[in-house]
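Just below is one structure, and these are the notes that go with it.
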Amino acid sequence: MYLSPQCGFASTEEGNILTEEQQWKKIALIKEIAEEVWKD
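UniProt numbering applies: residue 1 is where the sequence shown begins, and numbers increase by one.
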(Lines of atoms letter the chains of each structure in order from A and count residues from 1; the text may use other names and numbers.)
(Lines give C-alpha, C1' and ligand atoms only; values in the text may rest on other atoms or scores of the structure.)
Protein backbone atom coordinates (compact mmCIF):
# COMPACT_ATOMS: atom_id res chain seq x y z
CA MET A 1 0.00 0.00 0.00
CA TYR A 2 1.20 3.50 -0.78
CA LEU A 3 -0.06 6.81 0.58
CA SER A 4 0.64 9.88 -1.49
CA PRO A 5 0.00 13.42 -0.32
CA GLN A 6 0.40 14.75 -3.87
CA CYS A 7 -3.29 14.71 -4.83
CA GLY A 8 -4.86 17.83 -3.45
CA PHE A 9 -1.54 19.64 -3.28
CA ALA A 10 -0.55 21.49 -6.41
CA SER A 11 2.03 20.21 -8.83
CA THR A 12 1.37 23.08 -11.22
CA GLU A 13 1.74 26.84 -11.00
CA GLU A 14 -2.05 27.35 -10.93
CA GLY A 15 -2.28 25.04 -7.96
CA ASN A 16 -5.17 23.98 -5.81
CA ILE A 17 -6.49 26.51 -3.38
CA LEU A 18 -5.88 25.01 0.06
CA THR A 19 -5.47 26.90 3.27
CA GLU A 20 -2.53 26.14 5.52
CA GLU A 21 -4.99 24.54 7.96
CA GLN A 22 -6.33 22.23 5.22
CA GLN A 23 -2.78 21.22 4.30
CA TRP A 24 -1.97 20.31 7.91
CA LYS A 25 -5.24 18.37 8.24
CA LYS A 26 -4.31 16.37 5.16
CA ILE A 27 -0.89 15.54 6.59
CA ALA A 28 -2.50 14.55 9.91
CA LEU A 29 -4.91 12.23 8.09
CA ILE A 30 -2.05 10.54 6.24
CA LYS A 31 -0.25 10.05 9.56
CA GLU A 32 -3.40 8.62 11.16
CA ILE A 33 -3.93 6.16 8.29
CA ALA A 34 -0.28 5.07 8.35
CA GLU A 35 -0.41 4.44 12.10
CA GLU A 36 -3.61 2.41 11.74
CA VAL A 37 -2.36 0.30 8.82
CA TRP A 38 1.23 -0.18 9.97
CA LYS A 39 0.76 -0.69 13.71
CA ASP A 40 4.35 -0.82 14.81
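The beta-carbon is built from N, C-alpha and C at its ideal position, and this holds for glycine as well.
Quick caveat: nothing in here was measured; it's all calculated off a predicted structure.
With DSSP collapsed to three states, give me the class of residue i.
i: Glu21; result: helix
i: Leu3; result: coil
i: Glu14; result: coil
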